[in-house]
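Going line by line, the protein sequences match chains A, B, C and D. To convert, note that position 95 of the first sequence is 880 in my numbering; the numbers rise steadily by one, no gaps. To convert, note that position 58 of the second sequence is 843 in my numbering; the numbers rise steadily by one, no gaps. To convert, note that position 101 of the third sequence is 886 in my numbering; the numbers rise steadily by one, no gaps. To convert, note that position 133 of the fourth sequence is 918 in my numbering; the numbers rise steadily by one, no gaps. Glycine residues also receive a C-beta, built at the ideal position from the N, C-alpha and C atoms. Treat the numbers as computed from the prediction; the structure is a model and nothing was measured. These notes concern the structure reproduced below.
There are 4 protein chains.
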Amino acid sequence: MNEKTRVTVWNEYIHELENHAIAAIYPRGIHGAIAEFLGQEGDLEITTATLRQEEHGLTEDVLAQTDVLIWWGHRAHDDVQDAVVDRVYRRVLAGMGLIILHSAHFSKIFKKLMGTSCGLRWREVGEKERVWVIEQGHPIAHGLGHYFEIPQTEMYGERFDVPAPDTLVLISWYQGGEVFRSGCCYNRGRGKIFYFAPGHETYPIYYQKEVQQVIKNAVRWAQPTFSLGEALSGGAVPPLEPLG
Amino acid sequence: MNEKTRVTVWNEYIHELENHAIAAIYPRGIHGAIAEFLGQEGDLEITTATLRQEEHGLTEDVLAQTDVLIWWGHRAHDDVQDAVVDRVYRRVLAGMGLIILHSAHFSKIFKKLMGTSCGLRWREVGEKERVWVIEQGHPIAHGLGHYFEIPQTEMYGERFDVPAPDTLVLISWYQGGEVFRSGCCYNRGRGKIFYFAPGHETYPIYYQKEVQQVIKNAVRWAQPTFSLGEALSGGAVPPLEPLG
Amino acid sequence: MNEKTRVTVWNEYIHELENHAIAAIYPRGIHGAIAEFLGQEGDLEITTATLRQEEHGLTEDVLAQTDVLIWWGHRAHDDVQDAVVDRVYRRVLAGMGLIILHSAHFSKIFKKLMGTSCGLRWREVGEKERVWVIEQGHPIAHGLGHYFEIPQTEMYGERFDVPAPDTLVLISWYQGGEVFRSGCCYNRGRGKIFYFAPGHETYPIYYQKEVQQVIKNAVRWAQPTFSLGEALSGGAVPPLEPLG
Amino acid sequence: MNEKTRVTVWNEYIHELENHAIAAIYPRGIHGAIAEFLGQEGDLEITTATLRQEEHGLTEDVLAQTDVLIWWGHRAHDDVQDAVVDRVYRRVLAGMGLIILHSAHFSKIFKKLMGTSCGLRWREVGEKERVWVIEQGHPIAHGLGHYFEIPQTEMYGERFDVPAPDTLVLISWYQGGEVFRSGCCYNRGRGKIFYFAPGHETYPIYYQKEVQQVIKNAVRWAQPTFSLGEALSGGAVPPLEPLG
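Structure, rendered in structure tokens:
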């Protein structure tokens, strides 16, 4: 019996193949970098999947074996097939955890689960970001200090068009004058979703230890915690109580 | 200059045309009954629209003249064109209020805005419903007592697969043993959404004064309160603050 | 019959009497400045009260005639009598609106209503604050743009030890590197509470039009909207439904 | 190094000593019954404390060794010393979990942390309660079905005068016609609080396996997950960023 949390790291994996500078930062892809640091955790079992694999590497079977799915995308959101999006969507509502990274705010799956445009302000000038911890007792804040800094980042600014998070864990400050709700928890169906803003492909952000800490925490927070055998809702049902 | 809140009452308007018993209860349609009691309010201006009108009566022009849209549907959710759903969706994110009634929990527009299945348990045996007021200071609770009763209702029971409401105003008790979050407020984009569970077509629920009170309150709560000229999010923007 | 919203502006009124520089900014006191701009609104009726008045100017009778109470304090939180705090507390739970300004985050009444320490980081170097609008459709955001700036402010930074707001309307950016949840809505009992961070006594912040706009909006949002005659909770009650 | 979660079960322990019928149900006290089923969990280490012990058994040292505190009280809320309440309060804000059971809704510590009256409707006629699971993916719902029943209970009904929970996990249905938010999660400071309604002293409710499951789940959810060395908020701080 498998006691480990099974994590699938999905990446569109285009920038790293087409741009030498990005390839230099992430030679095995962003998914490879994330899989590497997660793979050092004894309670986690890691696999990866990418856009250009068949069914984007997210077959029914892969998802059935996934407790937490991590998603990075940017250039090719529209290339993700709707059938795969629907498959991921159903699996999240059934309880799979989902961690949405950075530019995946515009992914089909995140927009579908949020029900909003998920738009935001952005700017890429390599400015500094400071990530403040708002809920210091939350599992995703475990091991962090009051804040941590990312030396060079792409700015993501408010207004971020998402529903108010069920729990707002992180707010970012940017040197150029903006703020951003950069760590947002959502419950949807039986699934837990975490949006985490840092992670632009042109900076080595996923090698930073605080960023890795947040992602490790998020995986543990998002893993399914239930064992219901029935459907989520019951449709037509007889009365439980005799009616007078 | 128009100072009144412009309300459009949308109804699929099928049951009333095809079923004599329902027609007897709602001879001018459910939309007609709702338009009638709302029309007696001096600050509201009411129009109606139905499924079988061109573009379901919800043209760009109609929506541009609508502050609050009320939606009732049941049998024909799939017949609503995606283009019209997208139009309503964009208008809600831009600030239009939306009131979703009863079986419209399964409408395309509500599912799209919620990002979940919106499933629930249900049973139709004409049992009693008691609607408890959870947030007594909320505008939608204005004029209500601690609870009100609906003598005969269709049961809608938990688990209701929606995101946790931004504000939970009403919870219903049913004689047969279930509970339901029957009055749920959501903010999405700049728009306000209220889901209100009572309203099955075979009972004269929309003639009940407490039900009418809730809908009148909801219209006033959901009306747009802003006057922003710019887009909701800014896309690429220059830094506001000089970077060192 | 009184149709106007009755606003009482409370100020501890010590800085303005003891410090010439502050008196030069607020010659009639901070309460006087707030009362002046609110008094120009046709739907509002304004009175003021201060710490050194008998019962701090907040007698049972005054509170019974108050729909919304605005509170500014800083130096003398401990001088506010517990009996008056309890009186305000009961009135808020019964439905009176309460607007807590700036350093009143440490007032007895706010700490009592929040149930937390209400601590925060702070720094007074006259830096710039930029206030971002997070919920653009909220009544308190009415008439604002995407953000507004306060040229010189006292910094209030996270982690702000309050419960997560029921609605988070504003987040501030500070030049020195911090962020702050600077506009927070709470429902407590039947009352609505708004915490608004800007307003240090050494800067002319309450003369700024966007700040005035927020306070005017908050008064209208916080006014009571119900008319229940009974107590908030019922204590011992007989069954509503016959038990089998 | 202690890897177990240290749980202290606190009970006022009066009913069981003064009433034979209650003593027959809980011969070792309600705290004894709770300690017994929790003590069978290998990851938990259980101690108990009661009102009539010195400092109510909750010395600084005991609290410093407590990860999660469970609280049951009913008759003697006013006998709990304010100094001990303040001690528990500070420890919760610092990160200790707190589980408030049944009639402890009126305990000093819960009212202080909630900031509201915590009043409710109640009735004791031994009616049936059905507890519905609203958030099926929440850790506290682990192992439960769609609902569970308590054959005989004291009714606790809305309106429950508490802040809207950060997460609403359970809603109860009562045979006599009421509903109740019976499983409510709150974050306060770094601490997690869970209010759980079932547990009247005259019924053997804490022997019921679903009730035990909820309490076990709640202990694990509420345990501290952080390791910050600094104070919760920073007071006066120098700028992090050089000011132009």
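* Proximity test, Cβ basis, 7 Å: Gly962/D and chain B -> yes
* Spatial distance of Arg908/D from Gly930/C (CA atoms) -> 51 Å
* Asked: So, are the CB atoms of Met899/C and Gly976/C less than 7 Å apart?
  -> no
* Evaluate contact between the segment 990-999 of chain C and the segment 813-822 of chain C, counting only Cβ atoms and requiring at least three cross-stretch pairs below 8 Å. => yes
* **Three-way DSSP call (helix, strand, coil) for Arg998/A in this model** => A small fix is needed here, since residue 998/A is Gln in this sequence, not Arg. Gln998/A falls in the helix class under three-state DSSP.
* Could you work out which residues of chain D lie near Arg975/A, taking near to mean beta carbons separated by less than 7 Å? => Gln921, Gly922
* Span of the alpha helix (DSSP H) holding Gly814/B? -> 814-824
* Asked: For Pro983/B, does the count of other Cβ atoms within 10 angstroms reach 16, so buried, or fall short, so exposed?
  -> buried
* Can you give me the start and stop residues for the alpha helix (DSSP H) that Ala834/B sits inside? => That residue, Ala834/B, is in no alpha helix (DSSP H); its beta strand (DSSP E) goes 829-835.
* With distances taken Cα to Cα, identify the nearest neighbour of Thr952/C among Tyr811/C, Trp958/C, Ala1003/C, Trp857/C. => Ala1003/C
* Beta-ladder partner(s) of Met940/C, from DSSP -> Arg908/C
* **Candidates Trp1006/C, Ile1000/C, His862/C, His805/C, of which the one nearest Ile894/C by Cα** => His862/C
* Which word fits Asn796/C, buried or exposed, when buried means at least 16 other C-beta atoms lie within 10 angstroms of its C-beta? -> buried
* Asked: Skipping 5 residues on each side, what residues in its chain have a beta carbon closer than 6 Å to that of Gly968/A?
  -> Val954, Leu955, Phe981
* Asked: With DSSP run on the structure shown, which of helix, strand or coil describes Leu854/D?
  -> strand
* **Spatial distance of Gln838/C from Glu801/C (CA atoms)** => 16 Å
* To do: Identify every residue that forms a DSSP beta bridge with Arg791/A.
  => Glu830/A
* **Contact the segment 938-951 of chain C vs the segment 911-930 of chain A: 3+ CB pairs below 8 Å** => yes
* Asked: Based on the DSSP output, what are the partners of Lys977/A in its beta bridges?
  -> Asn972/A
* Anticipated Cβ contact below 8 Å, Glu914/B with Ile935/B, distance rounded -> 4 Å
* In whole angstroms, what separates the C-alpha of Glu1026/D from that of Met940/C? -> 12 Å
* Asked: So, are the CB atoms of Thr1010/C and Pro1009/B less than 7 Å apart?
  -> no
* To do: Could you have a look at Leu1028/B and say whether DSSP puts it in helix, strand or coil?
  => coil
* **Residue range of the beta strand (DSSP E) that includes Tyr988/D** => Careful: Tyr988/D lies outside any beta strand (DSSP E) and carries neither H nor E.
* Please name the residues in the segment 907-938 of chain B whose beta-carbon is closer than 7 Å to at least one beta-carbon of chain A, in chain order. => Trp907, Arg908, Val910, Glu912
* Beta-bridge pairing of Tyr932/C - partner residues as DSSP gives them -> Trp917/C
* Express the C-alpha separation of Thr851/C and Ile831/C in angstroms, rounding to a whole number. => 9 Å
* the segment 866-875 of chain C in contact with the segment 857-872 of chain D per 3-pair CB rule at 8 Å -> no
* Asked: What three-state label does DSSP hand Gly882/C in the structure shown?
  -> strand
* Option nearest Pro1024/C by Cα separation, candidates Val847/D, Glu963/D, Ser957/D -> Glu963/D
* To do: Using three-state DSSP, classify Leu843/D as helix, strand or coil.
  => coil
* Asked: In terms of residues, what are the limits of the alpha helix (DSSP H) holding Ile807/A?
  -> 805-810
* Asked: By DSSP, does Tyr959/B sit in helix, in strand, or in coil?
  -> strand
* Asked: In chain order, what residues of the same chain lie with their CB nearer than 6 Å to the CB of Val996/A, ignoring the 5 residues before and after it?
  -> Pro983, Ile990
* To do: Step through the CB atoms of chain C and report whether any lies within less than 7 Å of the CB of Glu1015/D.
  => Summary for Glu1015/D: the model assigns pLDDT 49, below 50, so the residue's position carries little reliability; its value from the coordinates is reported in the next sentence. No, no contact with chain C.
* Asked: Quick one, which of Gly911/C, Glu840/C, Asp846/C has its alpha-carbon nearest Asp864/C's?
  -> Glu840/C
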